[in-house]
Amino acid sequence: MNMHNTKHYFICFCLLISFFFVTGFDSLGNYPKSKKVDVVDIYHGQVVRDPYRWLENLDSDETQTWIRKQNQFTEKYLNEISEIKAIETILDQALDQATRSVPFQEQSKYFYYYNNGDWQQSKLYYKEDNQGTERLVLDPNQLSKDGTIALSGVSVSPDAKLLAYAISDGGSDWKTWKIRDLESGLDLEDEILWSKFSGAEWLKDNSGFYYSAYSQPKTGAELEDTNTNQRLYFHKIGEKQSSDKLVYARIDQPEWGWGATVSEDGNYLVLHVSEGTDERNRIFYQKLHQADPSFIELIPELKAQFQFVGNEGNVFWFFTDLNAPMGRLIAIDIDNPDEENWQEIIPEQNHALRNVYLTSGYFLCHYLKDVSSEIVLYQTTGEKIKKLDVPKNGAISGISTKPDSSQLFFSFSNYIQPKEIFEYDLSDQQLKSIWSQLVPGFYANDFTSKQEFYRSKDGTLIPMFISHLKNIELNNNNPLLLYGYGGFDIPILPNFSTKYFSWMKMGGVVAVANLRGGGEYGNSGIVKECYTTNKMCLTILLLPLNTFIRQVTHNRVKP
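All residue numbers for the sequence shown refer to the working numbering, where the first residue is 58 and numbers rise by one.
Now the structure itself:
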């Protein structure tokens with residue numbers, strides 16, 4: 058979905074919600090009728106009724122008529138709202154503004170995405186030595202006239218001369234990889250089809266890269282593929298895909314998938330082996346530049362999550378939640394790989410470890426403490442050096458660094474502070490702002506945000522951020538936008554949102570609850586319970602929220 062469609066839908070959303078609070082749902086009148094049909098499925102002995110199954114046939118005349126009537130009803134209601142122009146102006150100002158990504162480095166080139174607020178898709182640029190004139194690398198807006206072809210992945214060669222980039226059509230997961238010469242700006246003839254759920258991992262000699270792909274589906278069945286029997290290939294630059302080398306496949310394990318990483322020293326290919334939707338993974342590796350191309354199963358069973366951080370010779374470092382719901386860092390000597398010989402380098406803390414990076418000979422650890430970011434520096438032997446002096450009480454995102462660099466880039470924001478990109482130099486411990494998001498009509502002193510905690514039915518403490526204009530009194534006249542999420546180890550961090558800002562500027566209150574399961578407090582036991590009994594989990598977590606919201610905002614709300 059492009060940004061202009063997003064803005065249109067959010068305008069409709071804000072208008073509808075705002076006036077529901079003022080007029081109530083009953084004022085909308087009579088909705089277009091939606092017929093019900095008698096369709097029943099039985100799954101594992103459970104009867105599941107599906108009275109609107111007929112709407113799944115999107116191309117039928119009946120469904121198209123239903124869609125047209127729904128749209129006409131909505132447009133009629135919106136057109137009768139006298140304040141629509143004022144709200145559109147607020148949203149236009151907030152949403153049509155420039156955005157930029159955290160830069161990532163390869164050699165002397167610093168790459169980043171930028172959007173001036175009018176483009177459907179962000180463009181990719183680079184600067185030499187992170188200064189001077191920017192150079193356009195790729196403009197995905199030129200890939201198709203209707204904007205349906207999107208840039209879905211990039212990978213720069215180690216010598217920073219070539220760019221592997223993937224495009225996808227119409228929101229499909231299928232990727233087509235192409236290669237661009239960064240000096241000339243022209244594409245090579247290389248083209249890789251039928252890749253999915255894959256990046257491009259370069260060999261250190263720049264000769265080519267690893268990627269994952271599936272068999273070509275039958276014509277007309279491209280969107281029905283079952284995503285089984287993924288294979289890992291190596292593509293040599295300048296050759297046709299038909300010549301690509303099959304590196305690894307397991308026909309006996311159709312649900313397995315591959316995430317390939319080449320070690321920084323170029324001596325190992327490390328495979329993160331996934332299985333279906335299981336959050337745990339296996340670890341295999343291959344010794345590159347050896348006569349024997351076989352893979353060694355370092356962690357052959359699904360025990361926990363393991364993320365390869367780097368290596369020093371034959372010692373591999375992994376960020377894992379094995380016996381550590383909050384996360385820890387371990388070392389495995391691949392010449393002595395039995396689990397009893399694994400060493401703990403950075404033990405589990407009392408707050409969640411989200412990621413570990415190697416930078417200039419140190420471990421950089423990103424922690425979440427009550428949903429706010431902290432960055433801590435450690436020796437590779439595990440001794441804590443210091444907590445970095447970086448912005449507090451918000452979300453740090455997009456951390457970018459390299460093992461041989463002292464530069465660290467990241468963005469910071471919270472619900473009432475727009476995105477700001479920083480550079481931190483570990484050599485002199487200097488923090489420098491390199492870009493700030495400018496939001497028309499936003500003045501930080503006009504807003505306030507606080508974090509509250511409420512107890513769920515089972516006694517679990519749930520954090521929630523409440524944000525609004527300073528000059529409003531919290532009572533039942535305030536429209537309240539409540540958002541809660543918890544699942545799949547995806548934390549909802551306190552990032553600035555132009556949509557939330559627009560809502561608050563119109564006098565609304567924003568409340569965001571960090572429900573368990575999102576990883577804000579690690580991979581705890583309640584997370585497992587949420588996955589297995591989702592309805593029970595929501596009941597446990599959400600029912601007390603109604604009482605808490607009324608206490609804090611004096612507002613009535615249904616969870």
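For each residue, glycine too, the CB sits at the ideal point set by N, CA and C.
Of the residues Y268, S506, N198, which one's Cα is nearest the Cα of A207?
-> Here residue 207 corresponds to residue number 150 of the sequence shown, with the count starting at 1. Nearest C-alpha to A207: N198.
From W259, D175, L245, Q406, residue whose alpha carbon lies closest to that of E163 | Translated into the one-based positions of the sequence shown, residue 163 becomes position 106. Of W259, D175, L245, Q406, the residue nearest in Cα terms is W259.
Could you check the C-alpha separation between Y23 and A568 for me, to the nearest Å?
-> Nothing about residue 23 can be read from this structure; the chain reaches only from 58 to 616.
Alpha carbon to alpha carbon, how far is T283 from Y182? Give it in angstroms, no decimals.
-> Residue numbering aside, residue 182 sits at position 125 when the sequence shown is read from its first letter. Residue numbering aside, residue 283 sits at position 226 when the sequence shown is read from its first letter. Between Y182 and T283, the C-alpha separation is close to 36 Å.
Between the beta-carbon of Q150 and the beta-carbon of P460, is there less than 7 Å?
-> Counted from its first residue, the sequence shown places residue 150 at position 93. Counted from its first residue, the sequence shown places residue 460 at position 403. It is not a contact, given that the beta carbons lie outside the stated cut-off.
K218 and D196 closer than 7 Å at C-beta | The residue labelled residue 218 in the question sits at position 161 within the sequence shown. The residue labelled residue 196 in the question sits at position 139 within the sequence shown. In this structure, D196 does not lie closer than 7 Å to K218 by Cβ.
Can you tell me whether T438 is buried or exposed, with buried defined as 16 or more other CB within 10 angstroms of its CB?
-> Counted from its first residue, the sequence shown places residue 438 at position 381. Looking at its Cβ environment, which holds fewer than 16 other Cβ atoms inside 10 Å, T438 is exposed.
Whole-angstrom Cβ separation of N471 and F558, contact assumed at under 8 Å?
-> Position 414 of the sequence shown, counted from the first residue, corresponds to residue 471. Position 501 of the sequence shown, counted from the first residue, corresponds to residue 558. Contact doesn't hold; Cβ gap of about 12 Å is too wide.
Kindly confirm or deny that the stretch 394 to 408 and the stretch 446 to 457 touch, where touching means at least three C-beta pairs closer than 8 Å.
-> no
Going by the beta-carbon positions, is the gap between H423 and N407 smaller than 7 Å?
-> Sequence index remark: in the sequence shown, residue 423 carries index 366 (1-based). Sequence index remark: in the sequence shown, residue 407 carries index 350 (1-based). Cβ distance not < 7 Å, so H423 and N407 don't count as in contact.
Is the beta carbon of G256 less than 7 Å from the beta carbon of I294?
-> Position 199 of the sequence shown, counted from the first residue, corresponds to residue 256. Position 237 of the sequence shown, counted from the first residue, corresponds to residue 294. Contact flag unset, no.
Give me the Cα-Cα distance between Y268 and S300, rounded to the nearest whole angstrom.
-> In the sequence shown, residue 268 corresponds to position 211, counting from 1. In the sequence shown, residue 300 corresponds to position 243, counting from 1. Their Cα atoms are separated by approximately 14 Å.
What are the boundary residues of the beta strand (DSSP E) that includes D118?
-> Translated into the one-based positions of the sequence shown, residue 118 becomes position 61. Run containing D118: none in the beta strand (DSSP E); it sits in the alpha helix (DSSP H), 118 to 136.
Sequence-distant residues of the same chain with beta carbon closer than 7 Å to I529, five excluded per side = For the purposes of this step, residue 529 is taken as residue 472 along the sequence shown, with counting starting at 1. These residues qualify, in order along the chain: N535, G564.
Are at least three pairs of beta-carbons, each pair with one atom in the stretch 363 to 374 and one in the stretch 325 to 334, less than 8 Å apart?
-> yes
Expected contact under 8 Å - CB spacing of V372 and A388 to nearest Å = Reading the sequence shown from its first residue, position 315 is the one you call residue 372. Reading the sequence shown from its first residue, position 331 is the one you call residue 388. So it is a contact: roughly 5 Å between Cβ atoms.
Alpha carbon of Y222 to alpha carbon of Y109, nearest angstrom = For the purposes of this step, residue 222 is identified with residue 165 of the sequence shown, where counting begins at 1. For the purposes of this step, residue 109 is identified with residue 52 of the sequence shown, where counting begins at 1. Going by the C-alpha atoms only, they are around 41 Å apart.
Between F378 and V94, what straight-line distance do the alpha-carbon atoms span, to the nearest angstrom?
-> Residue numbering aside, residue 378 sits at position 321 when the sequence shown is read from its first letter. Residue numbering aside, residue 94 sits at position 37 when the sequence shown is read from its first letter. Per the sequence shown, the amino acid found at residue 378 is Asp instead of Phe. Answer to the nearest angstrom: the Cα atoms are 47 Å apart.
Which of helix, strand or coil does DSSP assign to I294?
-> Mapped onto the sequence shown, residue 294 falls at position 237. DSSP places I294 in coil when its eight states are reduced to three.
Ordered along the chain, which non-local residues of its own chain (more than five positions away) have a Cβ less than 8 Å from that of Q154?
-> Looking up residue 154 in the sequence shown gives position 97. Result list for Q154: G174, Q494, L495, V496, P497, T555, in chain order.
Whole angstroms is fine: what's the gap from L425's alpha carbon to I456's?
-> For the purposes of this step, residue 425 is taken as the residue at position 368 of the sequence shown. For the purposes of this step, residue 456 is taken as the residue at position 399 of the sequence shown. Going from the Cα of L425 to the Cα of I456 covers about 14 Å.
DSSP on R573, reduced to helix/strand/coil?
-> Along the sequence shown, one-based indexing puts residue 573 at 516. The answer is coil: DSSP assigns R573 none of H, G, I, E or B.
For D427, which three-state DSSP category applies?
-> By one-based count along the sequence shown, residue 427 stands at place 370. Coil at D427, not helix or strand.
Extent of the continuous beta strand (DSSP E) to which K302 belongs = For the purposes of this step, residue 302 is identified with residue 245 of the sequence shown, where counting begins at 1. Its beta strand (DSSP E) spans residues 302 to 305.
Report the partner residues of G204 according to the DSSP bridge assignment.
-> Locating residue 204 in the sequence shown gives position 147, where the first residue counts as 1. Paired residue(s): none; G204 is not in a bridge.
According to DSSP, which residues form a beta bridge with S470?
-> Counted from its first residue, the sequence shown places residue 470 at position 413. Per DSSP, A452.
Identify the continuous alpha helix (DSSP H) that holds Q150 and give its terminal residues.
-> By 1-based counting over the sequence shown, the position of residue 150 is 93. 141 to 152 is the extent of the alpha helix (DSSP H) around Q150.
Kindly say whether I529, judged by its beta-carbon, lies nearer than 7 Å to any beta-carbon of chain B.
-> Of the protein chains in this structure there is only one, and it is not chain B.
State yes or no: is the C-beta of N187 within less than 7 Å of the C-beta of Y167?
-> Taking the first residue of the sequence shown as 1, we reach residue 187 at position 130. Taking the first residue of the sequence shown as 1, we reach residue 167 at position 110. Closer than 7 Å, so yes.
Name the DSSP bridge partner or partners of K443?
-> Position 386 of the sequence shown, counted from the start, is the residue given in the question as residue 443. For K443, which the question treats as bridged, DSSP gives the partners L434.
Tell me N172's beta-bridge partners as DSSP assigns them.
-> Translated into the one-based positions of the sequence shown, residue 172 becomes position 115. Beta-bridge pairing links N172 to T156.
Closer than 8 Å by C-beta to K360: which residues in its own chain qualify, once you throw out the five before and the five after it? Chain order, please.
-> For the purposes of this step, residue 360 is identified with residue 303 of the sequence shown, where counting begins at 1. Within the same chain, K360 has close Cβ partners R337, L379.
Beta strand (DSSP E) segment containing S331, residue limits | Numbered from 1 along the sequence shown, position 274 holds the residue referred to as residue 331. Taken as a continuous stretch (DSSP letters only), the beta strand (DSSP E) holding S331 covers 325 to 332.
With which residues is N338 paired in a DSSP beta bridge?
-> As a first step, residue 338 must be located in the sequence shown, where it is residue number 281. In the DSSP output, where bridge partners are listed per residue, N338 has S331.
Per-residue burial, K232 [other beta carbons within 10 Å of its own, 16 or more giving buried] | Within the sequence shown, the letter at position 175 stands for residue 232. Counting Cβ neighbours within 10 Å, K232 comes out buried, since at least 16 surround it.
Rounded to a whole number of angstroms, what is the C-alpha to C-alpha distance between S91 and W123?
-> In the sequence shown, residue 91 corresponds to position 34, counting from 1. In the sequence shown, residue 123 corresponds to position 66, counting from 1. Rounded to the nearest angstrom, the two C-alpha atoms are 8 Å apart.
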